[in-house]
Amino acid sequence: MKQNHSRIAKAIANYIKGTYTAEEKKFLEEWMNEDVKNQALFEQLASSENLTKELLSYNSFDSDKAWHRFESSLTGKIRKFSFSKWWYAAACVIILLSSLTFYFYKSYQSEIREQEVAVLVEGKILKDAVGEILPATTGAIIITSSGEKVSLDDSFKINLKGEIVSGQDSAVAAPVLAEESDYYELIVPKAKIIQFTMFDGTKVWVNANSRLKIPTNMANNERKIVLLSGEVYLEVAKYKDSKFYVECESGTVEVLGTKFNVYAYGNRFKTTLVEGSVKLKNANQEKIISPNTAGIWYENEFVVSKTNLDADLAWKNNIFYFNNYSIQRIARQIEDWYGVKVIIGEEVAKSRSTYSGELRRDVPLREVRKMLEYISGLDVKIIGEQLNIQ
1 MKQNHSRIAK
11 AIANYIKGTY
21 TAEEKKFLEE
31 WMNEDVKNQA
41 LFEQLASSEN
51 LTKELLSYNS
61 FDSDKAWHRF
71 ESSLTGKIRK
81 FSFSKWWYAA
91 ACVIILLSSL
101 TFYFYKSYQS
111 EIREQEVAVL
121 VEGKILKDAV
131 GEILPATTGA
141 IIITSSGEKV
151 SLDDSFKINL
161 KGEIVSGQDS
171 AVAAPVLAEE
181 SDYYELIVPK
191 AKIIQFTMFD
201 GTKVWVNANS
211 RLKIPTNMAN
221 NERKIVLLSG
231 EVYLEVAKYK
241 DSKFYVECES
251 GTVEVLGTKF
261 NVYAYGNRFK
271 TTLVEGSVKL
281 KNANQEKIIS
291 PNTAGIWYEN
301 EFVVSKTNLD
311 ADLAWKNNIF
321 YFNNYSIQRI
331 ARQIEDWYGV
341 KVIIGEEVAK
351 SRSTYSGELR
361 RDVPLREVRK
371 MLEYISGLDV
381 KIIGEQLNIQ
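In this text, residue positions in the sequence shown follow UniProt numbering: the first is 1, and each later residue adds one.
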């Protein structure tokens, strides 16, 4: 059989993945029958699950270092295959398998990272000396593109160099890569809230239970943040001829100097405009909204309508403002602001009743319990770190 090295490598890789075709099976059988050395190579590679274990054992928390060490170890492996007829095929297969192994490793690492992020987002319940559950305070976590975690207890700035500067004007984090692909991920856990200022003077308030990506190197003609999930309020400053963008799963908010709020959790999306003008856009459509209106993502399109600014901006103004809200919607706000778990009884959950009320957010959970019980007539109790509604 004429040696087709890339075909041999692909067929063996597909065999190990369990995705090989009948044609590839026949091809491999013919290739192995041709030379006993081919059979030996196949058996060695087909049983090499240790490649994955080997790569992970190098360094489970530093993918670049693990890959470098594993890549270096390949040189020794390849040199061992000195059979003149098929050394090249062996090298192709090992390199292909290494790439495949690294792909699975990266997927594994990504899964582990998401689990870690989920824990960070849950945050910690805040209590005073006598055990009162307290409202959210200022705080967040910055994760650099290299995975370094930096805790922040106060507002911060991002300067023109891309450095995170604390209230004491000292850099607590700096870009890892001097290129456009570098970014920070900002995690604001439950029971936390944060405000920061960008190099251009743009001010951003971030609600509890939110995640953002912030590029460290912004070109003069494009400034942006990526709202992965959560809620932000922005006062965007004018800067040269540069536009400002907020990217979300449902689309992009394009800004020219304005004040607005963006709420985005999965496919739930709402942009409320206070001042100026913004454009909502995605691959299929564009909508411009004016002050005192909101754009909502509904049934695969942007719908623009009048909105209640007091309700939409209540979180930023440090107020609970329930305006004909379902008990589930109220529960989500309480969980995010206090970090507790809200348990809703089965009969209450089935009800279509809505509730209205207003209360400052800087009060202990027991005050919210009283207000909720008053406006709903339901039985609301704090049990440990849970709020039970029956």
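Yeah, the Cβ is synthetic: ideal placement off N, Cα and C, and Gly gets one too.
Next on the checklist: Using a 10 Å radius around the Cβ and a threshold of 16 neighbouring Cβ atoms, would you call His68 buried or exposed?
Outcome noted: Low local confidence applies: a pLDDT of 49 at His68 is under 50, so the model's placement there is unreliable, with the coordinate-based value given in what follows. That one is exposed.
Item to check | Lys281 versus Gly147: straight-line alpha-carbon distance, rounded | outcome: 32 Å
Checklist entry - In chain order, which beta strand (DSSP E) runs of at least 3 residues are fully inside the stretch 198-264? => result 203-206, 210-215, 222-235, 243-247, 252-255
Next on the checklist: Among Thr354, Val380, Asp362, Asn323, whose alpha-carbon lies nearest the alpha-carbon of Gly345?
Outcome noted: Val380
Checklist entry - Given that a residue counts as buried once 16 or more other Cβ atoms are within 10 Å of its Cβ, and exposed if not, what is Gly295? => result buried
Checklist entry - Who are residue 418's beta bridge partners in DSSP? => result As displayed, the chain neither begins before 1 nor continues past 390, which places residue 418 out of reach and without an answer.
Item to check | Contact the stretch 244-252 vs the stretch 367-380: 3+ CB pairs below 8 Å | outcome: no
Checklist entry - Where does Glu185 land, buried or exposed, given buried means 16+ other C-beta within 10 angstroms? => result buried
Next on the checklist: Let me check understanding here. Comparing Cα to Cα, which of Asp310, Arg211, Pro364, Asn323 lies closest to Glu122?
Outcome noted: Arg211
Checklist entry - What three-state label does DSSP hand Tyr58 in the structure shown? => result Bear in mind that a pLDDT of 40 at Tyr58, under 50, signals an unreliable position, so the number given afterwards is only what the model happens to contain. Tyr58: helix per DSSP, three-state reduction.
Item to check | Cβ neighbours of Gly167 in the same chain (closer than 6 Å, five flanking residues each side left out) | outcome: Asp154
Checklist entry - Among all the DSSP beta bridges, which residues are the ones paired with Ile194? => result Val206
Checklist entry - Whose CA, out of Lys190, Leu152, Ile141, lies closest to the CA of Ile125? => result Lys190
Next on the checklist: Can you give me the C-alpha to C-alpha distance between Val348 and Ile382, rounded to a whole angstrom?
Outcome noted: 17 Å
Next on the checklist: Going by DSSP in three states, Asn318 sits in which element: helix, strand or coil?
Outcome noted: coil
Checklist entry - CB-CB under 6 Å to Ala237, same chain, minus the five flanking residues each way: which ones, in chain order? => result Asp200, Gly201, Thr202
Checklist entry - How would you label Lys85, buried or exposed, when you count the other beta carbons within 10 angstroms and need 16 or more for buried? => result For Lys85, the pLDDT reaches just 49, beneath the cut-off of 50, and the residue's location in the model is therefore unreliable, although a value from the coordinates is still provided. Answer is exposed; the Cβ neighbour count stays below 16.
Checklist entry - Can you tell me the Cα-Cα spacing of Glu385 and Ala264, whole angstroms? => result 27 Å
Next on the checklist: Between the alpha carbons of Asn267 and Glu249, how many angstroms are there, rounded?
Outcome noted: 7 Å
Checklist entry - Are the beta-carbon atoms belonging to Thr293 and Lys279 less than 8 Å from one another? => result no
Item to check | Straight-line Cα distance separating Val363 from Arg369 | outcome: 11 Å
Checklist entry - For the alpha helix (DSSP H) that contains Val368, what are its first and last residues? => result 365-376
Item to check | Environment of Asp256 [buried if 16+ CB atoms lie within 10 Å] | outcome: Per the sequence shown, the amino acid found at residue 256 is Leu instead of Asp. Exposed, since its Cβ has fewer than 16 Cβ neighbours within 10 Å.
Checklist entry - Leaving out five residues before and five after Glu49 in sequence, what residues of the same chain have Cβ atoms less than 8 Å from its Cβ? => result Residue placement at Glu49 is flagged as unreliable, the pLDDT there being 46, under the threshold of 50; the coordinate-derived value follows with that caveat. Contacts found: none.
Checklist entry - What are the boundary residues of the alpha helix (DSSP H) that includes Glu24? => result 22-34
Next on the checklist: So for Ile382, helix, strand or coil by DSSP?
Outcome noted: strand
Item to check | Which of helix, strand or coil DSSP assigns to Arg360 | outcome: strand
Checklist entry - What residue range is occupied by the uninterrupted beta strand (DSSP E) comprising Ala173? => result 171-173
Checklist entry - Could you give the C-beta distance for Ala22 and Ala136, rounded to a whole number, given that I count them as a contact under 8 Å? => result Their Cβ separation, rounded to whole angstroms, is 60 Å, which puts Ala22 and Ala136 out of contact at 8 Å.
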